[in-house]
């Protein structure tokens, strides 16, 4: 069926890749709607194509479907009733994995990891350009971006920057080091955004990248890498601590240390989060199976907040600034199951994928996506912005369907 459409599937593939990676922080939350429209239009044609159906008929597709159905069941039986039930549609992007892999599988080629890494690098550079424009030209204190907000901008910048490092294994020689530009520009974009959680993600991803490099080295090479990593890590942590007083993004470690040692919040932003966490955890125990439902989970958390001013401040909020607590209070055990499926599929799927020439880079990409969502979810909600809500499932499909040597069919 797809062969009859000529170049249309190829054009659709490039639109998905460019809107996912290059346009992510150029037009922010508008970018997912571009590939959403393409995938929705393509879906009927994919079902009529035998090869595409074969590509879509895989356990990962059913895993994302189960993740959505868990949320649907929780919304149906939520303690807060059916008010705001239509917001279960916010989790439909889970299902975008299915048409994405059906579309991209036919384009699998040995050099596709290099294409994805290059597009991610371009996206990271654009993110830096957007950050510089907002802060140094417009004079905005923290980066907002176009059709975007600060924290999702920072999260997307980090993912793009470190996903570009997939190119390190895609080519040989000195050119592979060009992709080191990705994390560097992403880090500066995060500094301009002032997102503290993103700095912690960067530190974790540096360790992750070092591990993936190390497993390919000799024993002597691993010793050299370990020494260099310890030195770089020491300098990095010292820099974060030294600059923390003047640079908001570097206050992450100080903020955690102050809370663990003295039980205090470094500023009102952290104080609000701590109240949300406390209230959300206690609200979960009030409705542990199906949760309270959309927005009702925030209302259920408010009576447990010790600061009345914060309880009043968050009255109209839609999330609890922590994805683990948010899914628990929102949808109970069903919500947690849905969330952990979302986190684990990229790692498990890439680990079990074909052991071809792109497997190592593909596995690294899966770990990056899961690590970003898992760490960011401790301090914020990736599911409160279309940009991040759609990215995980769609990029996992890119890894499994596009970044491999040959089509599944």
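Numbering (the numbering used here), first residue to last: 47 to 455. Ideal Cβ placement from N, Cα and C applies to all residues, glycine included.
Is it buried or exposed for residue i, if we count other Cβ within 10 angstroms and need 16 for buried?
i	result
residue 354	exposed
residue 90	exposed
residue 220	exposed
residue 450	buried
residue 397	exposed
residue 63	buried
residue 232	buried
residue 129	exposed
residue 198	buried
residue 184	exposed
residue 365	buried
residue 117	buried
residue 373	buried
residue 83	exposed
residue 414	buried
residue 106	buried
residue 243	buried
residue 143	buried
residue 331	exposed
residue 53	exposed
What residues in its chain sit with their C-beta under 6 Å from that of residue i, if we drop five residues either side in the sequence?
i	result
residue 318	356
residue 280	none
residue 176	71 and 191
residue 77	65, 69 and 70
residue 260	268 and 271
residue 159	212, 216, 404, 407 and 449
residue 178	none
Does the distance from the CB of residue i to the CB of residue j come in under 8 Å?
i	j	result
residue 421	residue 250	yes
residue 338	residue 376	yes
residue 190	residue 68	no
residue 66	residue 79	no
residue 172	residue 101	no
residue 439	residue 412	no
residue 350	residue 381	no
residue 152	residue 453	yes
residue 435	residue 441	no
residue 75	residue 431	yes
residue 210	residue 278	no
residue 387	residue 109	yes
residue 149	residue 92	yes
residue 378	residue 335	yes
residue 263	residue 271	yes
residue 408	residue 433	no
residue 426	residue 359	no
residue 174	residue 234	yes
residue 329	residue 343	yes
residue 316	residue 238	no
residue 125	residue 333	yes
residue 188	residue 240	yes
residue 474	residue 58	A question about residue 474 goes unanswered here, because the residues of the chain that appear run from 47 up to 455.
residue 385	residue 369	yes
residue 225	residue 410	no
residue 193	residue 61	no
Tell me which residues share the same chain as residue i and place their Cβ nearer than 7 Å to its Cβ, disregarding the 5 neighbours each side in the sequence.
i	result
residue 170	203, 206, 207, 210, 228, 231 and 232
residue 134	117, 118 and 121
residue 141	110, 111 and 114
residue 389	416, 419 and 420
residue 222	213 and 214
residue 383	116
residue 123	336
Leaving out five residues before and five after residue i in sequence, what residues of the same chain have Cβ atoms less than 8 Å from its Cβ?
i	result
residue 145	85, 86, 88, 89, 92 and 102
residue 247	201, 204, 417, 418, 421 and 422
residue 265	none
residue 352	321 and 324
residue 51	91
Counting contacts by CB-CB distance shorter than 8 Å, is residue i in contact with chain B?
i	result
residue 413	The chain inventory of the structure shown lacks chain B, comprising one protein chain alone.
Quick one: which unbroken beta strand (DSSP E) runs of 3-plus residues sit fully inside the region 137 to 163? Chain order, please.
-> none
Taking only runs of the alpha helix (DSSP H) that begin and end inside the region 155 to 220, which ones reach a length of at least 4 residues, in chain order?
-> 158 to 178 and 196 to 209
Along the chain, which unbroken stretches of the alpha helix (DSSP H) at least 4 residues long are found entirely within the region 221 to 273?
-> 227 to 239 and 242 to 260
Please go through the region 364 to 429 and give each complete alpha helix (DSSP H) segment of 4 or more residues, from N-terminal end onward.
-> 369 to 398 and 405 to 425
Which ranges would you report for the alpha helix (DSSP H) in the region 89 to 132 if only whole runs of at least 4 residues count?
-> 96 to 102 and 105 to 123
If you scan the region 428 to 455 from start to end, which runs of the alpha helix (DSSP H) of 4 or more residues do you find wholly inside it?
-> 432 to 447
Output the residue ranges of the alpha helix (DSSP H) runs that lie fully inside the region 309 to 338 and measure 4 residues or longer, sorted by chain position.
-> 314 to 332
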